[in-house]
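> Chains as they are written, first to last, in this note's numbering: chain R, 1 to 558; chain Z, 559 to 819. Positions of the beta carbon are idealized from the N, C-alpha and C atoms, including for glycine. Just so you know, these numbers come straight off a predicted model, no measurement behind them. First the structure, then my questions, so here it is.
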Amino acid sequence: MTLLEERPAQPPEESAGTLMEIVPGPRPAGLVKYITSTDHKQIGLNYIVTGLIGFVVAGAMALGMRTQLIVPDNHFVTQNVFNELFTIHGTIMLFVFAGPFAFAGFGNYFVPLMIGAPDMAFPRFNNLSYWLYLGGFTLLLAGFLTNNGAAQFGWFGYAPLTEAIRSPGPGADLWLVGIGLTGFSGIFSAVNIITTIFTLRAPGMVMFRMPIFVWNILVTMFLVLLAFPVLTSAFALLWIDRHLNGHFFDYNHGGQPILWQNLFWFFGHPEVYIIALPYFGIVTEVLATMCRKPVFGYKGMIGATLSIGALSMGVWAHHMYTTGAVLLPFFAAMSLLISVPTGIKFFNWIGTMWRGTIVINTPLLFCVGFLLQFLFGGITGVILAQPVLDFQLHNTYFVVAHFHYVIMGLVFGGLAGLYYWYPKMTGRMFNENWGRVSFVLLLVGFNLTFFPQHDLGLRGMPRRIETYNSGAGWTFLNELSSIGSYITGLGVVVTVANLFQSFRKGAVAGDNPWDAQTLEWACSSPPPDHNFEALPPVRSERPVWDANHPDMLTKVGH
Amino acid sequence: MDRLIRLPAGTNWGSPNGVTRQDHWATLLWGISGWFALPIGVIVIGLIAWALVRYRYRPDRPRIPAQFQYHIPIEAAYTIIPLAIVAVLFGFMFNAENKQGVVAAHPAVAIEVQGFQWGWRFVYPNGHVQVGTADYNDINDNNGLPVLVLPSDETVQLHVVSLDVVHTFYVKDFLFNRDLIPGIDNKFDINVKQPGLYPGQCNNICGQYHAYMRFYVQVLSPTDYASWYANQPACSVTTAGGPNDAPAVCDSTIQGLNPQT
């Protein structure tokens with residue numbers, strides 16, 4: 001408040017009819033804006049940039065691991081450093097990058113714009129979410145500075161390895177608190193975004209006219225509300241075990257280590273869909289725009305999203321088939337069923353392309369990359385959903401390959417969104433040629449990294465091993481995988497360089513460079529404070545298209 | 559015919575073929591899943607590629623295509639057909655899982671497998687213990703690895719127990735994993751068809767030397783096994799790659815929970 005009071009009070013300009021600022025005086029800029037802004041667009045950008053930094057940092061850790069594994073009996077890093085690398089790599093990728101990048105980054109930036117709102121429902125609460133998230137990210141990295149190193153037990157930290165006696169030192173505590181803070185941040189974002197969607201929609205924007213991206217974010221946020229408190233509670237129990245002589249997970253004193261696995265995966269599997277659904281939404285929007293058609297099967301798409309959300313709460317124990325302590329047929333049936341709504345989404349995406357006019361550019365290419373990789377990850381997922389096959393593949397590199405295909409598929413979706421919305425967020429176009437180069441590098445590098453890992457898993461290589469026997473027969477495939485990871489790294493460098501360079505030198509984009517369909521393209525690029533000076537009438541799920549193509553109105557309903 | 563069902567792609571991609579009487583259920587499910595997954599994958603990738611090529615922007619395409627959004631018969635088809643496929647797949651899976659998971663009431667041999675940071679103890683019915691810890695300096699040193707000795711062609715029941723954190727018993731040629739979790743009693747049967755030496759490894763992160771927690775399964779013919787077993791005095795301890803240095807008396811706290819002792 002002092003900041004505001006110290007400003008000289010200026011009378012508002014006497015221009016009647018134009019938009020007046022509520023607070024007179026100069027607007028904060030630069031660092032002050034970054035720290036204090038409650039504007040959803042600034043906070044969204046904060047999340048997006050922080051998330052990308054997390055992606056680059058955790059990606060560098062992955063390159064360290066791949067370098068260690070490039071030949072058997074290697075000594076590039078020690079056992080403990082290797083364990084720290086894969087633990088923090090997984091934690092940052094999931095809790096700092098993959099989830100918040102989409103649901104908090106793109107969610108913050110585009111949900112209010114897409115429903116025609118001036119800001120989020122709770123702008124200052126929104127700012128708090130970001131700072132909790134940044135604090136969590138910092139604590140996760142700070143573990144490397146402690147004398148025992150960062151956490152070393154994998155991102156799902158199975159008890160009792162996480163008890164104080166087996167993982168002493170502050171590294172594990174920083175991991176606990178870091179994830180706890182990102183968890184609170186997620187819960188706060190969820191409350192905020194759900195309230196925004198329910199209360200701040202523009203006139204005419206009924207629920208069944210919201211873009212698919214907004215629908216997916218809404219379902220994601222409900223999953224966050226159901227899953228994250230369980231995780232945070234489990235972490236509180238573990239904290240009590242470590243510091244207050246609790247025995248929740250200590251078998252020798254009546255605790256149950258398996259309880260941790262149930263609590264963790266009760267969060268952990270919805271988390272997979274918390275990550276995935278926003279990217280599904282992004283891909284849907286990009287495909288519809290680039291094919292110049294409405295989303296095919298709009299209502300079926302929403303139904304698929306809702307059923308994925310519902311089913312995802314009942315599949316957690318498919319991570320625990322080999323514990324011998326779960327009801328296998330139930331979780332197998334639920335896990336197989338979830339492939340059906342996901343399949344519906346795939347066919348809806350293909351239906352959107354069907355008889356369209358497909359503009360092939362960088363965002364569309366990344367969507368295609370998403371489709372191919374997520375399809376492959378989905379098919380290996382159907383294999384892993386069957387307990388008898390999981391008994392063979394559990395915790396091998398086959399699983400590593402499976403979920404990297406899923407999540408890197410989503411990353412391709414995220415990059416599609418980043419390139420698609422880049423003109424809206426910065427006001428400038430990215431460099432199309434370098435965008436395509438980055439696509440080719442990432443596609444080739446990624447597939448070369450992870451396709452051989454399926455085969456490594458079938459040949460029996462367990463995940464999270466720091467080195468392997470020279471006679472195990474895994475050397476050639478590991479070499480391929482490591483070379484692929486370096487190509488992926490190069491692709492990331494090209495992407496980041498393109499984004500930086502275009503920010504300074506890119507062509508001015510204009511309000512609606514893609515001839516897009518949804519409301520975020522109705523305001524200027526980048527949007528002004530409080531977003532809209534005037535809204536087009538909302539009579540279907542694509543008001544901007546209807547305004548620009550009055551001869552081709554979207555039919556409402558079937 | 560059997561080969562055709564099990565290998566839709568004509569190859570098993572380097573996966574072991576399996577050596578136990580339980581693992582044919584896994585290879586059967588691989589085949590059935592493959593017969594569904596391969597055509598679906600080819601069809602979906604084909605549709606994506608066809609749409610991209612056929613409908614890409616070019617001068618003879620309309621700049622603005624027809625703005626249709628729904629096609630109920632097609633949408634119904636791609637909802638109902640996948641449901642049917644999943645139901646069929648679940649049926650095969652349910653049957654296989656029931657058959658594979660049978661635990662015999664009276665196995666020919668029952669052995670307790672104990673995992674600890676970082677090594678294995680194999681406790682036999684007469685109290686004999688095979689134990690070994692990893693050589694943490696050299697991943698290529700196979701001499702110190704503990705050896706689990708089993709008879710072939712017999713139903714062997716393994717009771718897997720953790721002495722500290724979560725470990726996983728994993729032998730790639732058995733196509734099988736089972737976790738060792740404090741507080742969970744896990745038993746499973748295996749029946750290995752051929753004698754041989756099979757490498758195994760802990761498959762769940764268990765601390766600093768997780769990668770070094772390897773072992774061998776030495777499968778002997780039933781007669782060889784009988785003579786080997788007769789030569790192991792009750793409550794003796796064989797330490798892999800080293801002299802006997804463990805207690806020579808049966809100690810129930812160390813022997814664990816083996817019901818046969």
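Is there a C-beta anywhere in chain R that falls below 8 Å from the one on Z:D693?
no
> Could you have a look at Z:Y682 and say whether DSSP puts it in helix, strand or coil?
coil
> Per DSSP, what kind of secondary structure is R:E479 in: helix, strand or coil?
In the three-state reduction of the DSSP assignment, R:E479 falls in the helix class.
> Would you mind reading off the limits of the beta strand (DSSP E) that contains Z:I669?
667-674
> For R:F153, would you say it is in contact with chain Z, using Cβ-to-Cβ distances shorter than 8 Å as the test?
yes
> Does the beta-carbon distance from R:F266 to R:Q256 come in below 8 Å?
no
> At which residues does the alpha helix (DSSP H) containing R:P270 begin and terminate?
257-291
> Please state the DSSP three-state secondary structure of Z:R736.
strand
> Is the beta carbon of R:G51 less than 8 Å from the beta carbon of R:P112?
Their beta carbons are not under 8 Å apart, which means R:G51 does not touch R:P112 by this criterion.
> Between R:F446 and the rest of its own chain, which residues show a CB-CB distance below 6 Å, the 5 nearest in sequence each way excluded?
M408, T488
> Need the endpoints of the beta strand (DSSP E) that Z:Q747 sits in, please.
A small correction: the amino acid at residue 747 of chain Z is Asp; Gln does not occupy that position in the sequence shown. Here the beta strand (DSSP E) through Z:D747 covers 744-748.
> Anything in the region 654-687 of chain Z with a Cβ closer than 7 Å to a Cβ of chain R? List those residues in chain order, please.
A654, E655, Q658
> Is DSSP giving R:S339 helix, strand or coil here?
helix
> Can you name the residues of chain R whose CB is closer than 8 Å to the CB of Z:Y615?
Within 8 Å Cβ-Cβ: T357, I358, V359, I360.
> With DSSP as the reference, please indicate the residues paired to Z:C760 in a beta bridge.
Z:F727
> So Z:Y787 contacts chain R; which residues on that side make the cut at Cβ distance below 9 Å?
Those within 9 Å of Z:Y787 in chain R number zero; the least Cβ separation is about 27 Å.
> In whole angstroms, give me the CA-to-CA distance for R:A227 and R:P270.
Going by the C-alpha atoms only, they are around 7 Å apart.
> Give the DSSP-derived three-state secondary structure of Z:S720 in the structure shown.
strand
> Please report the straight-line C-alpha distance between R:L85 and R:G149, rounded to a whole angstrom.
10 Å
> Which term fits R:E6, buried or exposed, when burial requires 16 or more other beta carbons within 10 angstroms of its beta carbon?
Caution applies to R:E6, whose pLDDT of 49 falls short of 50 and renders its modelled position unreliable; the model cannot decide the point.
> When you compare the CB positions of Z:V714 and Z:N749, do they come within less than 8 Å of one another, or not?
yes
> Starting from R:Y405, find everything on chain Z with Cβ-Cβ shorter than 9 Å and list it in chain order.
Result: empty, since nearest Cβ-Cβ is about 12 Å, beyond 9 Å.
> Mind reading off the beta-carbon distance from R:G143 to R:W175? Whole number of angstroms is fine, and I expect it under 8 Å.
6 Å
> Taking contact to mean 3 or more Cβ pairs, one atom from each stretch, closer than 8 Å, check whether the region 684-698 of chain Z and the region 784-796 of chain Z are in contact.
yes
> What residue from R:G246, R:G417, R:S502 has the CA that sits closest to R:I165's CA?
R:G246
> Could you check whether the Cβ of Z:T726 sits closer than 8 Å to any Cβ belonging to chain R?
yes
> With a threshold of 16 other CB atoms inside 10 Å of the CB of R:S68, please say whether the residue is buried or exposed.
Note that residue 68 of chain R corresponds to Gln in the displayed sequence, not to Ser. Its Cβ being crowded by 16 or more others within 10 Å, R:Q68 is buried.
> Which partner residues of R:P462 appear in the DSSP bridge assignment?
R:T396, per the DSSP bridge assignment.
> Below 8 Å between beta carbons: does that hold for R:A276 and R:L410?
yes
> Within the 8 Å Cβ cut-off, does R:K41 reach chain Z?
no
> Rounded to a whole number of angstroms, what is the C-alpha to C-alpha distance between R:V81 and Z:R736?
27 Å
> From the DSSP output, which residues share a beta bridge with R:I358?
Z:R614
> Is R:T467 close to chain Z, meaning its C-beta is less than 8 Å from at least one C-beta of that chain?
yes
> I'd like to know whether the C-beta atoms of R:R463 and R:N395 end up nearer to each other than 8 Å.
yes
> Given Z:V724, which residues of its chain have a CB within under 8 Å of its CB, disregarding the five upstream and five downstream residues?
D737, L738, I739, P740, N762, C764
> Taking all protein chains shown into account, do 16 or more other C-beta atoms lie within 10 angstroms of the C-beta of Z:Q752, making it buried, or fewer, making it exposed?
exposed
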